[in-house]
Structure formats: C-alpha cells, structure tokens
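One line per chain: the protein sequences are H and U, in this order. Everything in the first sequence is counted per the numbering used here, starting at 39 for the first residue and increasing by one. Everything in the second sequence is counted per the numbering used here, starting at 39 for the first residue and increasing by one. From the three backbone atoms N, C-alpha and C, an ideal C-beta is built for every residue, glycine too.
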Amino acid sequence: MEASGVVPISLKSSGRSRRRQRTNYVAQGASVFAAFLAIGVLALVVISVLVRGLKAINLDLFTKNQVTFGETGGGIANGLVGTAIIVAIATAIALPVGIFAAIYVAEFAGSRASRVVRLALDVLNGVPSIVVGIFAYALLVVGSGYAAWKASVALAIVMLPLVARSTIEVLRLVSDSLRYGSYALGISKWRTVLFVVMPSAIGSIMTGATLAVARAAGETAPLLFTTSIFLPNQVVTDPSHAMAAVPLLILFDSESPDPSLNNQAWAAAFVLMFFVLVLSLSARYVLARRERKLRAR
Amino acid sequence: MTLSVTKRTVSMLAAAALLAVCVAASATASQSKHTGGQLVGAGSTFVQPLVSQWQAAYPAVNGTNIVYQPIGSGGGIQAITNRTVDFGASDAPLTPDQVTNCKGCIQIPWALGGTSVMVNLKTNAHAPLHITGPVLAKIYLGQITSWDDPAIKALNPGISLPSEKITPVYRSDGSGTSYNFTDYLSAVSAAFKSKVGLSTQPPFPVGVGGKGSSGVAGVVKNTAGAIGYADIAYAVTNHIQVMAVRNAAGKYTTPGTKSITAASAAFKNVGTTGEVHIVNPPKSAPTAYPISTYTYVILPQTTGNAYPLKTFIFWALTKGQQYGVKLRYVPIPKPVLVLSEKLLKTVHS
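The following block contains the structure:
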C-alpha cells in the first residue's frame, strides 16, 4: 500500500481516545482507592481497638465482675455471662420461628404469599434496632420493669429476618430432583420437607443462624431499653432479672472518669469484636463451601 | 438419606421447639415482677456513691439485693413514672406536673450531700482556690472566660493564675445536681436567675456537657482549664481539686461533714411535702457550705412491693446513713428524719 500524502498513523493515543483513557485511569484509580479505603477503615478499627484494649486484656477481665463506685479494677465476667444467656434465649426464640417461616415460604406458599412474607422479612430486617428496643420497652418493660428475657425477645426480633432469609435461600438451593425423587416414592409433602429437604440443608441453615447470633451479640440499643438496670457486681443467671451484657458494659465503662475502666471498655470492645468477627467469618466460610456443594448436587 | 441423619434432624427440630416452649413458659412465669428478693431503682448520680455502699451492705441485712442504675435524676423520675423500677431517686423535688404524671408518687429526703465545684487548673496554691457565687454565675454565663480574670484574681491574692481559657462543664442529662447548682446560682445572681434560672436541664449559654456526675468528673479531669460540678464523692474518688465557695457570712468553705451539717442546721422549717431547700444559708451559719442539697427517693404510694421497699428505705434512713460519712454524705438531721419516716408510713400495698 502506498501512503503518499497520508499522515502516518501514530500508535500514541490522541484527542478523544486520550481523554477516554485519562477518564479510565481516574475512574479506575478512584475505585481502587475506595476499595483500599474500605479495607483501611476495617484495619484502623481493629488496630485501634486492639491497641487500646490490650492494656486491660488479662485473666481478671474474664473472671471478675464489675466494680462498684470508687473501686477500680474488676472485669466483665457478669457481662459475658449475661450476653451468653440473653443471646441463647433470643436464638431459642428466633430459630424455630425463622426456620418454620422459611419452610412455609420456600416449600408451601404460593408465589404471592411468598412475596408478601419475604417483603415483610426484608422490612423487618430494615427496622433500626433502636426502634425494636423502644417497641420492647413500651410493650414489655413499662409497668413491670427490666429483665433479661425481655432483651432476648427484642434481640429475637432482630434475628428473625436474618434466620428466615438465609434459610429461604438455602432451601431454594436444594435441588428439585431430590423432592421429585421423594414424591416418586409416594412420600407425602411434609415428610419430604422434613426428612429429605431439611437434612440436606440443615448445616447451611445453622451457619446462617450463626451469623444472626453474631449480629445479636453486638446489638446495644435493644438492651438499653430492656436490661440496662442490673446488679453490677454479681453474675445474674435468672432471666427474669436484668443482666449485664458486654455492649452495655462497653458503654458504661467508656463514660467513667476512671481511666482503668476506660481501658476495660476498650478491652471489652475487643473481646466482643473478636467474637463477632470469628463467628461471622467462620460461618461465612462454611456457608460458602456448603452452598457450592448444594449447587454441585 | 441415611436414617441417622433423618433422626438427628427430627430430634434437633424437636429440641428447638421444646426450648422455645420452655422459654415462653418461663417468660410467662416471670411476668410477676419480683422473684428472689430484689429491689430495682434508678436515677440520681449524686446519690450513687452512697447507694453503692448500701448495695454492698444491705443483702447481709435481710437478703434483698439492691439494683441501682445512675441514669440521672430526670431519668429516675421518668423510670418511676413508667413503673419500670421500684424506686426512683432525684436530687430535684418533683414538679407539680411530675407529681400528676407519676400518679401518687411521694418524695422522701433520704440523703444529704454537697455539690462540689471541681477544677482542673495548675497553680501554686496549696489550698483550694476561692470562688464566690456571683463569679461562678458569670463563668457559667460566659461573661468570665479566662482564669486570670481580675474577678478571680481578686479572690485569690498571691496565687498566680494562668491565662488559660475556662471550660465550664455541665450535665447533659436531666440532673438534680444541675437543679441544686442553678438553685444556688439563681439565689446569688439576679442575672443568672433571669438568663438561665432554676432547672434540671439548665440552658447554659456556654460550656460542654458530660453525661452523669461521672461524665462531668471525667470531662473536668481530662480538660485543662475546666470547671464543673458534682457530688463531692466524685471529686474525692477521682482526685479532682475542688474550690472553696464563699457563703453568705463571707467565709470560704468546701463540702465536708461539718460544712454540710451547718448548712442543713440553718434551715429549721422543713415543711411537710418533703421538699427542702438548703442552698445559700443565711449569715447566721458561718461554717455552712452554700451548695448543699437533700436528695430524694421517689416511691409510688401504692405498690405491690410496699413491705420490702419500706424496710429498705427505713434502713437507709437510719442505719444506712453511717455508710455515707467517708464519702462526705451527712446523716440527715432529726427534723427531716421525722418527716421522712412520716412520709414513708404513707406507702402501702
């Protein structure tokens, strides 16, 4: 080809193409920066809580109760026990309700009913926990006083949509061929759900429930409304009395003028964060593996 | 599907269902408020140091646990109004509106203490710095803003006061200590009375807030140049220096057993409602601390818990008073004690 009189084409971009390239660099750079910022924020939170809390992390933190006015030292043992009991009761309430609701939506409901229930669950999931707290306060606390089981009811409301939604997703992943196989053998629907579908999904359901537990353990607002007036220096195990809980101790200790209690608040924050992170990370890992397995089937 | 898996699933579901039933059952069973001897209270942070002494001592008396959360006097009044607690505690007497809302609540003076003026300031002084009510009012009105202001210098001859900004600290929550403090400042400064006035949540034009007495103590302790107010026990336990406040007789006093006793003794007429004011005592009490206050327990006159509640309050009014001395609470004087016991007798089931 003769190129007489034709300007040689440069491989360097120019004009519009160059502008597009620049835009691309800027946009890509900004999103990479944003992604690292997200990681950076997490790292900053974890590190700052760790650095400040480390001073107060010792055996006393886990074995001793809170101190009363004027004393220093002590630990968060009563809070740890309280959180464990409150969350356990909340799980006992939310788990059966959530799972049965999910079974209804995934296995029995028609498409319209299922849409309505799922929408309700999503809305419930979006209700701020402070609203759940004041609801529980008005319904259960006013006129009769604070108690740990009332906190559990409030936390169960927070957990319910999480359990139900994750269970619905898992049940959807269970292959229909399993169900058809069961029907083909003349097995009724309820038996199919209970003895064929559920066994293959139960592991993933439990992992989903674990995520809900992790979420509930860190909720503070519902506790403020339902169990914030408690005996400070004793482990309480009766759910009809108010109990200390780790998030509440973080709040109260952080407001103390005593620096050692401030450190204890950081240590408690670290313990709570560690528990929640480990619980949700391991649950997510297990869940991802199980879902891959279910899909492969 | 193996049989064992099926069995496990069924038993798991059954267990979950059983647990839910148990929880529901125990929940209904525990609807009745008080099991296992426990009295629940909330409110005043002013009186909390004393109540925490009682919490430690009272179970040995008759096995009842005292649960108390220092949420502020405003919160305490709200809590007893909503009947979420057995007793409220407030350093501010109930307003007529609050009495109406609380549906038959009574206030009983159950402790006596002093509101200290705490400062965070490095000077060459070896004794508490001097202050007067009017100067304190000007500080909280934002009219005196620096520690080397001539008005403060004049009260502290020979002390080198730094040219440091004054940060007034107030209570961010509804507080009986704020009520007591503004009660005093309103009594000594007409300007303060008209601009801010007597309130549990006074609208101070300057300063920073702290939640609860411990919050105020914390802010004062961590802020150079800060000034704040809280029950003297908070200053003592947190090692915060307090100021000596000039009383009507012209003497500078700090809150202590003698000065608070002198303030309460200067007021002979205690009335019948339980509301007793003892700020700014007259000249006839030269040793009196001018920002002293009674603090009240608020009880519903009709309560299912009348017996344990009355037993505890009676103990607090009598034997319980001695536990306050080391924290600089003063045993309530005879005329008020007689009044308190009379009021307590009106509580019934």
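Item                                                                                                                                                                                          : Value
On a CA-only basis, which of U:Pro338, U:Gln359 and U:Ser378 is nearest histidine 386 of chain U? Give me that one, please.                                                                   : U:Pro338
Flag this pair as yes or no: are the beta carbons of alanine 254 of chain H and methionine 197 of chain H separated by less than 8 Å?                                                         : yes
Would you kindly report the start and end of the unbroken alpha helix (DSSP H) that includes alanine 229 of chain U?                                                                          : 228–233
Report yes if the CB atom of glycine 214 of chain U is closer than 8 Å to the CB atom of threonine 238 of chain U, and no otherwise.                                                          : yes
Tell me the rounded alpha-carbon separation between threonine 61 of chain H and alanine 334 of chain H.                                                                                       : 41 Å
List, in order along the chain, the chain U residues whose C-beta lies closer than 8 Å to that of glutamate 393 of chain H?                                                                   : No answer is possible for residue 393 of chain H: it lies beyond the span of chain H, which begins at 39 and ends at 335.
Hey, could you find the ends of the beta strand (DSSP E) arginine 284 of chain U is sitting in?                                                                                               : 282–284
Would tyrosine 221 of chain H be called buried (16 or more neighbouring beta carbons within 10 Å of its own) or exposed?                                                                      : exposed
Which chain H residues sit within Cβ distance under 8 Å of glutamine 86 of chain U?                                                                                                           : Phe107
Determine the closest residue to glutamate 329 of chain H out of H:Gly181, H:Ala176 and H:Val208, with distance taken between C-alpha atoms.                                                  : H:Val208
Enumerate in chain order the residues of its own chain whose CB-to-CB distance from serine 48 of chain H is below 6 Å, with the five nearest sequence positions on each side excluded.        : none
In the DSSP assignment, the alpha helix (DSSP H) including aspartate 160 of chain H goes from what residue to what residue?                                                                   : 149–164
If you check the beta carbons only, do alanine 304 of chain U and alanine 271 of chain U fall under 8 Å apart?                                                                                : no
Less than 8 Å between the C-beta atoms of glycine 136 of chain H and alanine 65 of chain H, yes or no?                                                                                        : no
Taking only beta-carbon atoms, is glycine 171 of chain H less than 8 Å away from chain U?                                                                                                     : no
Could you give the first and the last residue of the continuous beta strand (DSSP E) run that contains threonine 230 of chain H?                                                              : Unbroken run through threonine 230 of chain H is the alpha helix (DSSP H), 227–230; no beta strand (DSSP E).
When you compare the segment 281–291 of chain H with the segment 119–135 of chain H, are there three or more beta-carbon pairs, one atom per stretch, that lie closer than 8 Å?               : yes
Mind checking if asparagine 100 of chain U is an interface residue toward chain H, Cβ cutoff 8 Å exclusive?                                                                                   : no
Mapping DSSP to helix, strand and coil, what is glycine 256 of chain U?                                                                                                                       : helix
Contact criterion: CB-CB distance below 8 Å. Does glutamine 116 of chain U meet it with respect to chain H?                                                                                   : no
Out of H:Phe107, H:Gly246 and H:Gly78, state which residue places its alpha-carbon closest to the alpha-carbon of asparagine 276 of chain U.                                                  : H:Phe107
According to a CB-to-CB cut-off of less than 7 Å, which residues of the segment 364–382 of chain U neighbour chain H?                                                                         : none
Run through chain U and tell me which residues come within less than 9 Å of isoleucine 267 of chain H, C-beta to C-beta.                                                                      : Val78, Gly79, Ala80, Val105, Tyr106, Gln107, Ile109, Ala117, Thr122 and Val123
Contact between the segment 140–153 of chain U and the segment 104–119 of chain U: three or more CB pairs below 8 Å?                                                                          : yes
Do serine 378 of chain U and isoleucine 146 of chain U have their beta-carbon atoms positioned less than 8 Å apart in this structure?                                                         : yes
Closest by CA to glycine 312 of chain U, which one among U:Val246, U:Pro324, U:Val280 and U:Leu150?                                                                                           : U:Leu150
With 8 Å set as the bound, which would you pick, yes or no: does the beta-carbon of lysine 71 of chain U sit closer than that to a beta-carbon of chain H?                                    : Because lysine 71 of chain U carries a pLDDT of 38, less than 50, the predicted location of this residue cannot be relied on, and no value is offered for it.
Taking its Cβ as the centre, do 16 or more other Cβ atoms sit within 10 Å of lysine 176 of chain U, making it buried, or is it exposed?                                                       : buried
Could you tell me which residues DSSP pairs with cysteine 143 of chain U in its beta bridges?                                                                                                 : U:Pro338
Listed from N- to C-terminal order along the chain, which residues in the segment 177–209 of chain H have their beta-carbon within a distance smaller than 8 Å of any beta-carbon of chain U? : Val179, Val180, Gly181, Ser182, Gly183, Tyr184, Ala185, Trp187, Ser190 and Val191
Going by DSSP, which residues form a beta bridge with alanine 264 of chain U?                                                                                                                 : U:Thr205
Counting Cβ pairs closer than 8 Å, one from the segment 242–254 of chain U and one from the segment 203–212 of chain U, do we hit at least three?                                             : yes
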